[in-house]
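Below is one structure; the comments refer to it alone.
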Ligand SMILES: Cc1cc2nc3c(=O)[nH]c(=O)nc-3n(C[C@H](O)[C@H](O)[C@H](O)COP(=O)(O)O)c2cc1C
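Residue numbers (the numbering used here): 3 to 332.
In structure tokens:
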């Protein structure tokens, strides 16, 4: 009976074997990681943020070479920066470039990590694609549902990276109660216990970020991966210092330097422009953990080693089966 319990609505919707999605993460979620996760039966996701359109196209090509299974591209659906009021309802030029590439390359699933992907939904559905949207509260869940998305990822405060104010345990069932589309859970989920718990809350699957940062296939410096393995559940803070939006990261000299100067932080996306890509990416790219942004989950406490991404999927599945079978027997 426990054999098929992980074969949820998410699996049939996306054509995947297990209800595990690897989060689209800027800079580090590239073809190596996405292909490994999709090949293991989950949904691998390329994070478009910080890539150029040309590199995104190459990365999509590399995933297609390595797996025939479905995969996704995650785009931060930012609109034109304020100042250009005539185009305020349009996506930014970069976002439009990423969208065109996804359609030209026939990417089967498009995920929206930020903003509302409603404008692309009709075209996606006409061409047989699914659209996923991340949200941090019920208000935004209703907004993206009205925009026609196929799946909502409810991402709780525990999550690494940009994060809202509501914890995963409260957010996921609140969103499920409010919408009709299927809901997956994100934030603090790093193993099979988290997957099983998400399913008990009514989620059709999980979307995991930090656990996949600490894999061999993540395009990221070892110093950053090691930091995640070292910290406990108190080892992260939420700061606006890197992007202007609240972001859960491992603190360092850079975040300390903004303590007491919070009123000087610009709103998103201007703070990110002020800080510059070199600062933001230096931990991921160069291993400079004093300076760079190190997004990480409260669930990092349960991550103690860097693993193969396929093994992460397989271990999560095995542990979830074991945990769920215990309750089925009871
Ligand atoms: C290093 C890192 C980078 C991230 N970058 C993005 C991004 O570019 N787009 C996005 O939708 N979410 C991004 N996120 C958030 C993830 O999509 C996901 O919601 C989050 O990691 C889930 O929480 P967890 O880290 O506890 O698993 C990022 C998260 C991390 C840890």
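Glycine is no exception: its CB is placed at the ideal position from the N, C-alpha and C atoms.
Counting of Cβ neighbours within 10 angstroms places residue 91 among the exposed residues, the total staying below 16. With respect to the C-alpha of residue 144, the residue from 182, 76, 121 having the closest C-alpha is 182. One Cα belongs to residue 151, the other to residue 133, and the distance between them is close to 5 Å. Ranked by Cα distance from residue 67, the options 242, 49, 36 are led by 36.
In terms of Cβ geometry, residue 216 and residue 305 form a close pair [threshold 8 Å]. A distance below 7 Å between beta-carbons, with the five flanking residues on each side excluded, links residue 321 to the following residues of its chain, in chain order: 193, 194, 195. Taking a C-beta distance under 8 Å as the contact criterion, residue 101 and residue 131 do not qualify as a contact pair. If you draw a straight line from the Cα of residue 148 to the Cα of residue 255, it comes to about 42 Å. Just so you know, the alpha carbons of residue 53 and residue 30 end up roughly 10 Å apart.
In this structure, residue 261 keeps its C-beta atom at 8 Å or more from the C-beta atom of residue 298. Going by DSSP, residue 76 is part of the beta strand (DSSP E) stretching over 73-78. Shown here for residue 16: same chain residues with a beta carbon closer than 7 Å to its own, the five before and five after excluded, namely 45, 72, 111, 132 in chain order. The three-state reading of DSSP puts residue 24 in strand, counting E and B together.
Residue 154 and residue 97 have their C-alpha atoms spaced approximately 20 Å apart.
In the three-state scheme derived from DSSP, where H, G and I count as helix and E and B as strand, residue 163 is classed as strand.
For residue 46, the enclosing beta strand (DSSP E) stretches over residues 46-49.
In terms of CA proximity to residue 272, 244 leads the group 244, 281, 293. CA-CA distance, residue 199 to residue 75, rounds to 26 Å. Within the stretch 184-225, the runs of beta strand (DSSP E) at least 3 residues long that lie entirely inside it are, in chain order, 185-188, 208-210.
Across the set 186, 318, 61, 310, the C-alpha of 186 shows the shortest separation from the C-alpha of residue 206.
Taking a C-beta distance under 8 Å as the contact criterion, residue 223 and residue 8 do not qualify as a contact pair.
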